[in-house]
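Numbering (the working numbering), first residue to last: 16 to 300. Even glycine gets a Cβ: it sits at the ideal position worked out from N, Cα and C.
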């Protein structure tokens with residue numbers, strides 16, 4: 016295993032695209048139970064001894080509509096599941112404490128369950144990779160000067176995760192200034208087109224690349240949201256009954272935002288998706 020590289024400490028997220036090998040309801044339920052135990056392990060066991068106070072602060076799981084063929088578990092689709100794992104110190108994802116976290120599927124046999132936790136309930140000794148394939152990207156938070164609350168400031172679920180949608184937009188092929196201008200345009204568009212009084216929580220992220228990538232963690236491909244050079248995340252409360260409208264509204268902005276060169280080909284690539292919050296866990300201080 017390669018030694019961790021120590022680049023400048025910065026806040027950011029690990030974005031994960033898990034894809035089930037066999038997307039049955041049983042495997043989906045098993046993986047969701049595993050995710051909740053794994054999130055707790057990330058929140059409690061991860062640290063960097065060289066940087067006091069570095070840990071994972073928030074773990075969220077989002078799920079896309081299962082009736083939209085744009086999302087799925089195979090190649091060529093946006094991932095049905097999207098996870099964001101936030102830390103104040105992204106080098107923590109290359110530390111011994113991160114690699115030591117168990118990836119066994121039967122996590123209930125690796126530690127005592129806490130109050131409210133549910134066992135995964137699978138064959139002892141199985142690994143999570145037996146049912147899921149995952150790819151990963153590490154992003155640092157970018158300063159945009161926006162007065163919109165950051166994605167990391169999204170209020171906790173408080174026992175209910177209904178109503179929160181995550182808009183993810185991946186952008187390749189555009190410089191810092193152009194990206195930040197698009198970010199501002201997106202925020203203005205969302206505020207004007209998603210209803211009165213709806214609060215946005217939005218951030219811009221830059222893909223750190225191979226220097227921050229944990230060993231044995233394949234990177235998300237650049238043709239989906241999570242593998243882009245730049246990432247917009249915007250969380251918003253939106254009615255379930257209007258999910259299709261939200262997707263359509265974001266698609267309209269994306270179509271308008273795409274630059275067209277002299278040859279009629281887009282000068283930069285934009286991918287987008289909309290997911291619903293399903294699991295939200297935060298570190299206990």
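Could you tell me the alpha carbon to alpha carbon distance between residue 21 and residue 27, rounded to whole angstroms?
Confidence in residue 21 is poor, its pLDDT being 40 and thus under 50, which makes the residue's placement unreliable; the coordinate value appears in the next sentence. Between residue 21 and residue 27, the C-alpha separation is close to 15 Å.
Given 8 Å as the limit, is there contact between the stretch 138 to 152 and the stretch 31 to 48, that is, 3 or more CB pairs closer than that?
yes
In chain order, which alpha helix (DSSP H) runs of at least 4 residues are fully inside the stretch 92 to 169?
Taking 4 residues as the minimum length, the alpha helix (DSSP H) runs contained wholly in the stretch 92 to 169 are 111 to 115, in order along the chain.
If you measure between the beta carbons of residue 58 and residue 296, is that distance less than 8 Å?
yes
So for residue 42, helix, strand or coil by DSSP?
helix
Quick check on residue 250: does DSSP put it in helix, strand or coil?
strand
Look at the alpha carbon of residue 166 and the alpha carbon of residue 294, and state the distance between them as a whole number of angstroms.
Computed Cα separation, rounded: 15 Å.
Contact defined as beta carbons within less than 8 Å: I believe residue 219 pairs with residue 194. What is the distance between those atoms, to the nearest angstrom?
7 Å
How far does the alpha helix (DSSP H) with residue 293 in it reach, from first residue to last?
Taken as a continuous stretch (DSSP letters only), residue 293 belongs to no alpha helix (DSSP H), being part of the beta strand (DSSP E) at 284 to 297.
Residue 187, enclosing alpha helix (DSSP H) - first and last residue
Where residue 187 is concerned, there is no enclosing alpha helix (DSSP H), although the beta strand (DSSP E) it sits in stretches over 179 to 187.
Supposed contact pair residue 186 and residue 201 - C-beta distance, whole angstroms, cut 8 Å
Not quite, the Cβ-Cβ distance comes to about 10 Å (not below 8 Å), so this is no contact.
For residue 37, three-class secondary structure by DSSP
If DSSP states are grouped into helix, strand and coil, residue 37 belongs with coil.
Do residue 62 and residue 102 have their C-beta atoms within less than 8 Å of each other?
Contact check for residue 62 against residue 102 fails: the beta carbons are separated by 8 Å or more.
Can you round the beta-carbon distance between residue 229 and residue 154 to whole angstroms, since I take them to be within the 8 Å contact cut?
Cβ-Cβ separation between residue 229 and residue 154: approximately 14 Å, too far for a contact (criterion under 8 Å).
With three or more C-beta pairs closer than 8 Å as the rule, is the stretch 105 to 122 touching the stretch 84 to 92?
no
By Cβ distance, which residues of its chain are closer than 6 Å to residue 42, with the 5 residues on each side in sequence left out?
Hits under 6 Å: 35 and 146.
Just the C-alpha distance for residue 104 and residue 65, rounded to the nearest angstrom, thanks.
11 Å
Could you tell me the distance, in whole angstroms, from the CA atom of residue 245 to the CA atom of residue 126?
38 Å
Go through its chain and collect everything with a Cβ distance to residue 233's Cβ below 6 Å, but skip five positions before and after it.
Hits under 6 Å: 150.
Please report how far the alpha carbon of residue 269 lies from the alpha carbon of residue 94, in whole angstroms.
19 Å
Provide the residue span of the beta strand (DSSP E) that contains residue 70, from first to last.
Note, residue 70: premise wrong, no beta strand (DSSP E); not H, not E.
So the candidates are 221, 237 and 56; which of them puts its Cα closest to the Cα of residue 129?
56
Over the uninterrupted beta strand (DSSP E) stretch that includes residue 221, give me the two end residues.
In the DSSP annotation of this structure, the continuous segment of the beta strand (DSSP E) that includes residue 221 starts and ends at 215 to 222.
Apply the 10 Å Cβ neighbour rule to residue 82 and answer buried if 16 or more other Cβ atoms are within range, or exposed otherwise.
When all chains shown are included, residue 82 counts as exposed.
Quick one: using the 10 Å Cβ neighbour count with 16 as the cut-off for buried, is residue 178 buried or exposed?
exposed
Below 8 Å on the Cβ atoms is my contact criterion, and I expect residue 285 with residue 184 to pass it. Report the Cβ-Cβ distance as a whole number of Å.
6 Å
Are the Cβ atoms of residue 209 and residue 253 separated by less than 8 Å?
yes
Which same chain residues, not among the five before or five after residue 79, have their C-beta less than 6 Å away from its C-beta?
86, 95 and 290
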